[in-house]
Structures are given as C-alpha cells and as structure tokens.
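A quick write-up on the structure given underneath.
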Amino acid sequence: MPQAWAYLTNTYNDWEADVIAGLLETHDIPIMRKYPGNSGIAKIYLGTSFGVDLYVPEEKLVLAKSILLRAQQDEVKE
124 MPQAWAYLTN
134 TYNDWEADVI
144 AGLLETHDIP
154 IMRKYPGNSG
164 IAKIYLGTSF
174 GVDLYVPEEK
184 LVLAKSILLR
194 AQQDEVKE
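Numbering (the numbering used here), first residue to last: 124 to 201.
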C-alpha cells in the first residue's frame, strides 16, 4: 500500500529544508521534498532552489508539527 504524504511546511531554500529534515529524521520521520513552480528549474540551473515544500507521512504530521514548534520555542528562549 503506498504511503500517503501530508504537507508540513515551505522553506526558503534547501539549506533550511536540510535543517528541518535532519531534526525530523532524528525522530524517525522521513521527509519528502517538492520544488514548486520555478524552484525546480532554479535547482537544475543554479544548484540551489528558492522554495521547498516539505511533506511527511500523513500519520506523522501532528508529531512533526509539534517537534518543529518545540524547536522554534527553544530557539526564541536562547
């Protein structure tokens, strides 16, 4: 049975996507990236993209959102 993916967030670039992916993967949450619009073309020609949509397995969406929220709150405290 194919896995259903749910939209999590959009990042400005691949670097931000890497940070979020790394955080979630430490919690065994896989990430799928999609490059909307011209972002995919920018990735091909420039080696970087502007705008990356991140998706997680549907059943992990709530957990992923709570992990990101905690990380943001921890960042504000510092």
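All C-beta atoms, glycine included, are put in the ideal place defined by N, C-alpha and C.
Residue i to residue j span [Cα, whole Å]
i: R156; j: V179; result: 9 Å
i: T149; j: N136; result: 21 Å
i: A194; j: Y158; result: 24 Å
i: V142; j: V185; result: 19 Å
Exposure of residue i, with buried meaning 16 or more beta-carbon neighbours within 10 Å
i: K183; result: buried
i: Y127; result: Contrary to the premise, residue 127 reads as Ala rather than Tyr in this sequence. Burial call: exposed.
i: G202; result: Because the chain in this structure spans residues 124 to 201, residue 202 falls outside the shown range and cannot be described.
Beta-carbon proximity of residue i to residue j, cut-off 8 Å
i: I152; j: A187; result: yes
i: T132; j: L177; result: yes
Counterpart residues of residue i in DSSP-defined beta bridges
i: L177; result: T132 and R156
message = So within the segment 126-165, which uninterrupted alpha helix (DSSP H) runs reach at least 4 residues, ignoring any that extend past its ends?
response = 137-148
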